[in-house]
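S.K.:
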Amino acid sequence: SDLGKQIKLKEVEGTLLQPATVDNWSQIQSFEAKPDDLLICTYPKAGTTWIQEIVDMIEQNGDVEKCQRAIIQHRHPFIEWARPPQPSGVEKAKAMPSPRILKTHLSTQLLPPSFWENNCKFLYVARNAKDCMVSYYHFQRMNHMLPDPGTWEEYFETFINGKVVWGSWFDHVKGWWEMKDRHQILFLFYEDIKRELWGIGKTTSLLPRMRGLMKSIEERWKEPP
């Protein structure tokens with residue numbers, strides 16, 4: 003779209019971000035994390051919303067009505083999200099009671115420092131680059147808040163060179179992988195979760211399997227880093 007082509011992204015430490023996010027950068031960087039925060043971290047199009055719904059379903063003990071209490075952005079504020087005059091992700095998070103579940107697409111070097119300082123828990127989900135790229139391409143084509151991706155061939159180059167919003171897939175995944183043993187980071191793969199929940203030919207109820215998955219997640223968190 004013509005509107006999309008006019009969107010000029012801004013940069014922070016070599017990473018492209020949406021202009022409103024960069025304009026709100028000091029508020030994002032000074033965000034006050036709490037020790038009982040859980041931060042869901044992903045590269046864009048890595049199954050973020052799906053993971054958020056799984057975590058929420060477990061938190062609510064499978065009560066579907068409770069999970070429908072609000073849209074996902076209100077249940078799990080997206081900390082770097084900004085679109086004035088609407089409340090920013092930081093403002094939504096501040097207004098939330100603890101314990102909070104929050105979401106980010108930020109890389110390790112751009113994350114507000116208070117998350118590391120407060121020894122928060124992180125759930126990182128990685129998805130293979132090809133599927134992220136294909137999904138991101140179609141997302142950019144329909145999202146008027148992002149630049150027009152151009153042809154698939156053009157976008158392929160853009161993506162491989164990390165010139166997309168939230169930066170390079172390679173740097174993002176590698177950065178979180180390298181941090182995983184130094185902090186309370188549970189590093190999961192989208193493909194593994196999918197396989198575990200939707201086992202081939204298995205018709206068991208999804209909820210017990212989600213609970214089993216979350217139990218194994220919690221047990222791994224308890225292991226000292």
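Residue numbers (the working numbering): 3 to 227.
Glycine is no exception: its CB is placed at the ideal position from the N, C-alpha and C atoms.
Quick caveat: nothing in here was measured; it's all calculated off a predicted structure.
Exposed or buried, G49, counting other C-beta atoms within 10 Å across all chains shown (16 or more means buried)?
M.R.: buried
S.K.: Measure the alpha-carbon distance for E61 versus K123 and round it to whole angstroms.
M.R.: Each residue's Cα considered, the two are about 15 angstroms apart.
S.K.: Taking one C-beta from the region 100-111 and one from the region 40-47 each time, how about it: are there three or more such pairs within less than 8 angstroms?
M.R.: yes
S.K.: How would you write the range of the beta strand (DSSP E) that E13 sits in, first residue to last?
M.R.: 12-14
S.K.: Take W171 and list the residues in its own chain whose beta-carbon comes closer than 8 angstroms to its own, dropping the five residues that flank it on each side.
M.R.: The residues are Y45, A131, C134, M135, F161, G164.
S.K.: Consult DSSP for K68 and reduce its assignment to one of helix, strand or coil.
M.R.: helix
S.K.: Near N120, what residues of its chain come up, given a Cβ to Cβ distance below 8 angstroms and the 5 sequence neighbours on each side ignored?
M.R.: A35, K36, P37, D39
S.K.: If you draw a straight line from the C-alpha of D183 to the C-alpha of E82, how long is it?
M.R.: 25 angstroms
S.K.: Check whether the Cβ atoms of Q111 and G177 lie closer than 8 angstroms to each other.
M.R.: yes
S.K.: Is it buried or exposed, Q54, if we count other Cβ atoms within 10 angstroms and call 16 or more buried?
M.R.: buried
S.K.: Per DSSP, what kind of secondary structure is T50 in: helix, strand or coil?
M.R.: Residue state, collapsed to three classes: helix.
S.K.: Measuring alpha carbon to alpha carbon, tell me which residue in A22, S100, K68, S109 is nearest V127.
M.R.: S109
S.K.: Since Q29 and S90 are thought to touch, with beta carbons under 8 angstroms apart, how far apart are those beta carbons, to the nearest angstrom?
M.R.: 7 angstroms
S.K.: Can you say whether K196 is buried or exposed, counting buried as having 16 or more other CB atoms within 10 angstroms of its CB?
M.R.: exposed
S.K.: Quick one, are the C-beta atoms of V167 and L148 less than 8 angstroms apart?
M.R.: yes
S.K.: How is V166 classed by DSSP in three states: helix, strand or coil?
M.R.: coil
S.K.: Taking only the alpha-carbon atoms, compute the straight-line gap between T153 and K47 and give it to the nearest angstrom.
M.R.: Distance between the alpha carbons of T153 and K47: 19 angstroms.
S.K.: Could you name the residues that DSSP lists as bridge partners for Q186?
M.R.: K123
S.K.: Compute the Euclidean distance between the alpha carbons of E15 and F141, then round it to the nearest angstrom.
M.R.: 24 angstroms
S.K.: How would you call A95, buried or exposed, if buried means at least 16 neighbouring beta carbons within 10 angstroms?
M.R.: It counts as buried.
S.K.: With distances taken from CA atoms, which of E180, R71, E193, G169 is nearest L19?
M.R.: G169
S.K.: Distance, Cα to Cα, F191 vs R85?
M.R.: 30 angstroms
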